Amino acid sequence: MTATNPSPTHAPTDELTPYQLCHRIVAHTRADRVLWFARQENQWVPIGSSVQSEIELDSPVVHDWQAILSQIHESTETDSDTIFHNQLDQYRENSGAQTILILPLRAKGATEATSFLILETFDSSAQQVDSAELRADWQSISHTLAPALQQTVDQFQASSPRLKHRSSRALWAAIVALVALVLLVVQVPLRLPVEGSLEPIHQQRLFAPTAARVVSVHVKDGQQVERGTLLVELRSDELDLQTETVAGNLATAKAELAGRRTIRSNRSAPSSSSNTGGLQSSTNELVLRERIRSYEQQLKLLQSVQASMSIRSDVQGQVRRWDEEESLVGRDVFQGQWLFDVVDSSAGMSANLELSEQYIGHVLQAQSDDLPLKCRLRLRAHPDVTWTGEIQHLGSVVLPNQKQQPVVQVISTVPPTLEGLTDQPMGSTVVGDVAAGRRSLAYVLFRPLFESLREIW
-13 MTATNPSPTH APTDELTPYQ LCHRIVAHTR ADRVLWFARQ ENQWVPIGSS
37 VQSEIELDSP VVHDWQAILS QIHESTETDS DTIFHNQLDQ YRENSGAQTI
87 LILPLRAKGA TEATSFLILE TFDSSAQQVD SAELRADWQS ISHTLAPALQ
137 QTVDQFQASS PRLKHRSSRA LWAAIVALVA LVLLVVQVPL RLPVEGSLEP
187 IHQQRLFAPT AARVVSVHVK DGQQVERGTL LVELRSDELD LQTETVAGNL
237 ATAKAELAGR RTIRSNRSAP SSSSNTGGLQ SSTNELVLRE RIRSYEQQLK
287 LLQSVQASMS IRSDVQGQVR RWDEEESLVG RDVFQGQWLF DVVDSSAGMS
337 ANLELSEQYI GHVLQAQSDD LPLKCRLRLR AHPDVTWTGE IQHLGSVVLP
387 NQKQQPVVQV ISTVPPTLEG LTDQPMGSTV VGDVAAGRRS LAYVLFRPLF
437 ESLREIW
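Per our numbering, the sequence shown starts with residue -13, numbered consecutively.
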């Protein structure tokens, strides 16, 4: 191996690298090579050499000395000494070393060696250097080099992977503890998802009063109408037939009653037989009068139904149809079928929302704090149209929605002057969230997990 040039000998020893320290030992002793091993994680690891700045951990020399030093450190029995000398002799034979001096270095107050210096000579001339001479050379410089050597060993052991691993684990444990503390202590708003539609505050919903046929529609979708405007006319053949039948029965009953009264007034003086006939006639007239009264009530009811089939607007507003592509005229409708709406646009709009049943407890708790419930909403089709509303009504009944999921109806305000809202059709989908107080950051981030655990327990 070829040695590189060492640093100047006048450099302070505490600034020298392990290679420079070993090279200084060679320069001030009669050793040809110096190896330096330190203990790390129950094995001896090379930290310096006088012949190269970087040591190959897998080299045969390193493996041999690791075995020899482990034998020195771990046992003092006679058999172990024999093994040690055999290993040392084998090493001499393999490496060609003539003299070997093993110097244990101990920290102040320590009983065991923390590192070993190995001084070797390879000169086979007549003036061979023995181990005593090498020891004397070492003792002449040990007082200046020993502190620097021990400081280097301390630094090397402080940077051991185990210590790094321990410090790393401690650091990660501290980070985890800090994160857990932040998650548990920091309070953030709890926001619960809602979805619904944009609906007018005031509108007239028009339904068919009975099964009938649409004969005429006097308005069109989007038309502005005044209160009392005729909107649509319905007709029912069955209702017309019933009305005619009742009217005919009423006329017949009235004619029969009038005829009986005429007959009674034309009768002669009363007799016993005429008295009996008069009593029967009075009874028949009483039955006819009750029948007439019943027919009149039926006719009045039928006429009121017929009148309701001419549907007029109760509000001033705009006609809105959801199925405007289909013509109502000529269609048969069933009783209660929706026809169209008249929307009072001047009254503004509200957001009719659906809140999942599993979230209602959080909202009720926030409501009990006497704080206004706020929600952040936006139009799904136009995400740039956003606003903050206030909950005006919280339903008290759980109902299934279109997906057959249990929900609670929630109504929120919509600013009347919100830009871009007037261009949106009624019924536009609204999405957002409701603020339900404050909870720990951990609960907000891992709410599904907490709710699943709560359902299990």
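The beta carbon of each residue, even a glycine, is placed where N, CA and C say it ideally should be. What you are looking at is a predicted structure, and each value in this text was computed from that prediction instead of being measured.
Over the uninterrupted alpha helix (DSSP H) stretch that includes residue i, give me the two end residues.
| i | result |
| --- | --- |
| Ile127 | Ser117 to Ala144 |
| Leu7 | Pro4 to His14 |
Could you give the first and the last residue of the continuous beta strand (DSSP E) run that contains residue i?
| i | result |
| --- | --- |
| Ser342 | Met335 to Ser342 |
| Pro179 | Gln173 to Pro186 |
| Ser354 | Taken as a continuous stretch (DSSP letters only), Ser354 belongs to no beta strand (DSSP E), being part of the alpha helix (DSSP H) at Ile346 to Ser354. |
| Ala24 | Arg19 to Gln26 |
| Leu192 | Gln189 to Phe193 |
| Pro454 | The question about residue 454 has no answer, for the chain in this structure spans -13 to 443. |
| Val305 | Gly303 to Arg306 |
| Phe326 | Trp324 to Val329 |
| Val31 | Gln29 to Ser35 |
| Arg298 | Ser296 to Arg298 |
Please list, in chain order, all residues of the same chain as residue i whose beta carbon is under 8 Å from its beta carbon, the five residues on each side excluded.
| i | result |
| --- | --- |
| Gln173 | Arg424, Arg425, Ser426 and Leu427 |
| Trp124 | Ile11, Thr15, Leu87, Leu89, Leu103 and Leu105 |
| Ser56 | Gln29 and Trp30 |
| Glu437 | Gln344 |
Is there at least one non-hydrogen atom of the ligand NAD closer than 7 Å to the beta-carbon of residue i?
| i | result |
| --- | --- |
| Gln76 | Looking for the ligand NAD in the displayed structure turns up nothing, as the structure carries no ligands at all. |
Residue i: which of the options sits nearest, CA to CA?
| i | options | result |
| --- | --- | --- |
| Pro186 | Val305, Pro179 and Ser56 | Val305 |
| Ser296 | Leu216, Val371 and Val315 | Leu216 |
| Ile346 | Cys361, Leu287, Leu178 and Arg78 | Leu178 |
| Gly303 | Glu212, Leu135, Leu325 and Ile397 | Glu212 |
| Val417 | Val384, Leu227 and Leu363 | Leu363 |
| Leu522 | Leu120, Ala198 and Gln141 | Within the shown structure, residues of the chain are numbered from -13 to 443, placing residue 522 beyond reach of any answer. |
| Ala333 | Ala244, Leu135, Thr403 and Glu42 | Thr403 |
| Gly245 | Ala13, Asp67, Leu435 and Arg275 | Arg275 |
| Ala208 | Ser81, Ser331, Leu439 and Val371 | The sequence shown places Gly at residue 208, not Ala. When only C-alpha atoms are compared, the closest one is Ser331. |
| Glu27 | Ile249, Asn270, His368 and Gln52 | Gln52 |
| Val47 | Asn72, Leu21, His71 and Thr97 | Leu21 |
| Thr374 | Val383, Ala421 and Arg307 | Ala421 |
| Val328 | Met412, Pro401 and Leu131 | Met412 |
| Ser268 | Gln284, Arg247 and Leu288 | Arg247 |
| Leu272 | Gln283, Val291 and Leu243 | Leu243 |
| His368 | Lys360, Asp355 and Gln410 | Gln410 |
| Asn387 | Glu343, Lys94, Ser354 and Phe320 | Glu343 |
| Asp419 | Phe432, Ala93, Leu439 and Val349 | Val349 |
| Lys206 | Phe326, Val162, Gly182 and Gly316 | Phe326 |
| Asp318 | Ala122, Gly95, Ala159 and Phe193 | Phe193 |
| Pro401 | Leu380, Gly381 and Thr372 | Thr372 |
| Leu32 | Asp356, Val200 and Gln143 | Inspection of the sequence shows that residue 32 is occupied by Pro rather than by Leu. The shortest Cα separation from Pro32 among Asp356, Val200 and Gln143 belongs to Gln143. |
| Leu227 | Gly406, Leu164 and Gln292 | Gln292 |
| Cys361 | Val115, Leu176, Ala163 and Glu1 | Leu176 |
| Arg250 | Asn235, Leu236 and Asn270 | Asn270 |
| Arg279 | Arg298, Ala237 and Val115 | Ala237 |
| Arg298 | Asp356, Ser202 and Val393 | Ser202 |
Between which residues of its own chain and residue i is the CB-CB distance below 6 Å, once the five residues before and five after are set aside?
| i | result |
| --- | --- |
| Leu139 | Here residue 139 is Val; the residue named in the question, Leu, does not match the sequence. Excluding positions up to five away in sequence, the list reads Ala24, Thr100 and Ser101. |
| Ser294 | Pro195 |
| Pro358 | Glu376 |
| Ala118 | none |
| Arg277 | Ala239 |
| Asp50 | Tyr77 |
| Lys389 | none |
| Gly406 | Val371 |
| Gln113 | none |
| Glu311 | Since pLDDT at Glu311 reaches only 48, below the 50 mark, its modelled position is unreliable, and the value read off the structure follows with that caveat. Nothing listed; no residue qualifies. |
Just to check my reading of the structure: residue i and residue j have Cβ atoms closer than 8 Å, yes? What is that Cβ distance to the nearest angstrom?
| i | j | result |
| --- | --- | --- |
| Thr107 | Gln141 | Between Gln141 and Thr107 the Cβ distance is about 29 Å, and since that is not below 8 Å, they are no contact. |
| Val339 | Val396 | This sequence places Leu at residue 339; Val is not what is there. Yes, Leu339 and Val396 are in contact; Cβ-Cβ is about 4 Å, under 8 Å. |
| Asp75 | Asp18 | At roughly 19 Å, the Cβ-Cβ gap does not stay under 8 Å, so Asp75 and Asp18 are not in contact. |
| His71 | Ser36 | Wrong, their Cβ atoms sit about 25 Å apart, outside the cutoff. |
| Leu288 | Leu225 | 7 Å |
| Ser336 | Ser398 | 7 Å |
Once you ignore the five residues that flank residue i on each side, which residues in its own chain have a CB closer than 7 Å to its CB?
| i | result |
| --- | --- |
| Asp300 | Gln190 and Arg213 |
| Ser258 | Low per-residue confidence applies at Ser258: pLDDT is 48, beneath 50, and the placement is therefore not dependable enough to give any value. |
| Ala233 | Leu285 |
| Leu170 | Ser426 and Ala428 |
| Val200 | Val218, Leu220, Leu314, Val315, Gly316, Arg317 and Val319 |
Against chain B, does residue i count as a neighbour if the rule is that its beta carbon must be under 8 Å from one of theirs?
| i | result |
| --- | --- |
| Asp419 | Chain labels in this structure do not include chain B; a single protein chain is all it has. |
Can you list the beta strand (DSSP E) stretches of 3 or more residues lying completely in the stretch 366 to 441, in chain order? Counting only runs of 3 or more, we get 372 to 386, 392 to 399 and 415 to 426.
With a floor of 3 residues, list each beta strand (DSSP E) that falls wholly inside the stretch 204 to 230, ordered by position along the chain. 216 to 221
Length at least 3, wholly inside the stretch 82 to 115: the beta strand (DSSP E) runs in chain order: 85 to 91 and 101 to 107
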